[in-house]
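There are 2 protein chains.
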Amino acid sequence: MAGVADCPLCREDGGLLIARQAKFRIIRVQGQDGVDFPAFYRVVWSDHVAEWTDLVPADRSALMQAVAKVETEVRRCLQPTKVNLASLGNVVPHLHWHVVARYDWDSRYPAPLWAPVTRANDDARLAALREQLVACDAAIAALSF
Amino acid sequence: MAGVADCPLCREDGGLLIARQAKFRIIRVQGQDGVDFPAFYRVVWSDHVAEWTDLVPADRSALMQAVAKVETEVRRCLQPTKVNLASLGNVVPHLHWHVVARYDWDSRYPAPLWAPVTRANDDARLAALREQLVACDAAIAALSF
Numbered sequence: 483m484a485g486v487a488d489c490p491l492c493r494e495d496g497g498l499l500i501a502r503q504a505k506f507r508i509i510r511v512q513g514q515d516g517v518d519f520p521a522f523y524r525v526v527w528s529d530h531v532a533e534w535t536d537l538v539p540a541d542r543s544a545l546m547q548a549v550a551k552v553e554t555e556v557r558r559c560l561q562p563t564k565v566n567l568a569s570l571g572n573v574v575p576h577l578h579w580h581v582v583a584r585y586d587w588d589s590r591y592p593a594p595l596w597a598p599v600t601r602a603n604d605d606a607r608l609a610a611l612r613e614q615l616v617a618c619d620a621a622i623a624a625l626s627f
Numbered sequence: 483m484a485g486v487a488d489c490p491l492c493r494e495d496g497g498l499l500i501a502r503q504a505k506f507r508i509i510r511v512q513g514q515d516g517v518d519f520p521a522f523y524r525v526v527w528s529d530h531v532a533e534w535t536d537l538v539p540a541d542r543s544a545l546m547q548a549v550a551k552v553e554t555e556v557r558r559c560l561q562p563t564k565v566n567l568a569s570l571g572n573v574v575p576h577l578h579w580h581v582v583a584r585y586d587w588d589s590r591y592p593a594p595l596w597a598p599v600t601r602a603n604d605d606a607r608l609a610a611l612r613e614q615l616v617a618c619d620a621a622i623a624a625l626s627f
């Protein structure tokens with residue numbers, strides 16, 4: 483499917499590219515979201531479709547198996563308090579799944595990451611987490627799909 | 483698996499029960515979230531597990547197929563602007579998937595439903611949506627899994 487001209491996920495990877503397959507790619511989020519939540523990955527479908535159920539069941543399943551593999555590596559490498567998964571796409575209606583490691587010390591926990599800040603960022607813990615990302619990125623990059 | 487005493491999703495259905503299977507149930511959310519987002523369903527795993535990847539792959543797939551069926555009926559019956567899917571569980575770490583119909587007129591759109599309110603509820607549109615829920619509930623209740 484051709485890219486859609488005004489779609490940022492058709493134009494660009496949308497973050498730090500960790501792995502690319504024909505049907506999807508895995509990126510790690512940059513910008514302020516990546517500052518507040520360093521271990522914030524996205525599995526982005528290659529074609530421009532809005533809804534998960536726009537995919538045929540085999541593709542839907544392949545995408546979720548990729549999400550599961552990313553979640554598994556995030557848990558193994560980073561021991562989060564909780565993993566948060568979501569496919570929203572209200573702003574960018576190009577199918578992508580968020581896979582986010584949450585910690586009981588992060589700036590919104592236990593609220594959703596999109597809720598207002600409830601405590602200041604813990605810079606020391608965030609720095610320590612960022613150091614662990616190298617190994618997590620490598621583990622995700624080494625996955626076979 | 484035995485229920486966990488202090489877990490609200492072990493103790494109660496957690497909303498209006500729409501369908502019950504051995505491994506999961508489907509409820510429609512009540513309370514303020516159900517006022518702001520009337521078409522807010524949850525697929526709740528029966529056993530008390532925290533993470534989606536705590537399930538064996540066959541159960542993980544069965545759960546997502548149920549989520550896909552709920553999403554399909556929500557789209558067919560309610561024509562939302564966008565469907566939002568999420569598994570967070572920071573507050574109640576008992577595996578459940580949110581399936582929420584979002585509309586470009588709702589109180590947070592296009593922000594995530596957990597973001598601060600950006601416009602007042604449109605009571606007329608919410609009332610019209612609530613009327614459509616009867617058919618959507620019935621369609622979900624009639625699904626075979």
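The listed protein sequences correspond, in order, to chains A and B. The numbering used here applies: residue 483 is where the first sequence begins, and numbers increase by one. The numbering used here applies: residue 483 is where the second sequence begins, and numbers increase by one. Positions of the beta carbon are idealized from the N, C-alpha and C atoms, including for glycine.
Asked, Found
"Could you pull out every unbroken alpha helix (DSSP H) segment of at least 4 residues lying fully inside the stretch 483-524 of chain B, listed in chain order?", "490-493, 513-518"
"Can you say whether residue 553 of chain A is buried or exposed, counting buried as having 16 or more other CB atoms within 10 angstroms of its CB?", "buried"
"Could you check where the alpha helix (DSSP H) with residue 538 of chain A kicks off and where it finishes?", "It is not in any alpha helix (DSSP H) - residue 538 of chain A carries neither H nor E in the DSSP assignment."
"If contact is defined by three or more beta carbon pairs under 8 Å, each pair taking one atom from either stretch, is the stretch 535-544 of chain A in contact with the stretch 543-562 of chain B?", "yes"
"Given residue 515 of chain A, which residues of its chain have a CB within under 7 Å of its CB, disregarding the five upstream and five downstream residues?", "522"
"Tell me the DSSP secondary structure of residue 557 of chain B in three-state form.", "helix"
"Measure from the C-beta of residue 555 of chain B to each C-beta in chain A and report whether the shortest distance is under 8 Å.", "no"
"On a CA-only basis, which of A:588, A:606, A:605, A:609 is nearest residue 599 of chain A? Give me that one, please.", "A:588"
"Are residue 565 of chain B and residue 550 of chain B touching if we call contact CB-CB under 8 Å?", "no"
"Considering only the alpha carbon of each residue, which of B:575, B:586, B:548 lies closest to residue 626 of chain B?", "B:548"
"State yes or no: is the beta carbon of residue 496 of chain A nearer than 8 Å to at least one beta carbon in chain B?", "no"
"Return the bridge partner residues of residue 567 of chain A from the DSSP annotation.", "A:581, B:569"
"Under 8 Å, with one C-beta from each stretch per pair, do the stretch 615-625 of chain A and the stretch 614-625 of chain B reach the 3-pair mark?", "no"
"Over what stretch of residues does the alpha helix (DSSP H) that includes residue 599 of chain B continue unbroken?", "Segment: none, residue 599 of chain B is in no alpha helix (DSSP H) and carries neither H nor E."
"According to the Cβ coordinates, are residue 524 of chain A and residue 578 of chain A closer than 8 Å?", "yes"
"Helix, strand or coil for residue 552 of chain A? Go by DSSP, reduced to three states.", "helix"
"Given a limit of 7 Å on CB to CB distance, which residues of the stretch 559-584 of chain A reach chain B?", "564, 565, 566, 567, 568, 569, 570, 571, 572, 573, 575, 584"
"In chain order, what residues of the same chain have a beta carbon less than 6 Å from the beta carbon of residue 569 of chain A, not counting five sequence neighbours either side?", "534, 579"
"What does residue 594 of chain B touch in chain A if you count any residue whose Cβ is under 9 Å from its own?", "568, 570, 572, 594, 595, 596, 597"
"For residue 485 of chain B, count the other beta carbons within 10 Å of its own beta carbon; 16 or more makes it buried, fewer makes it exposed. Which is it?", "exposed"
"Who are the neighbours of residue 534 of chain A on chain B, taking C-beta pairs under 8 Å?", "550, 553, 565, 567"
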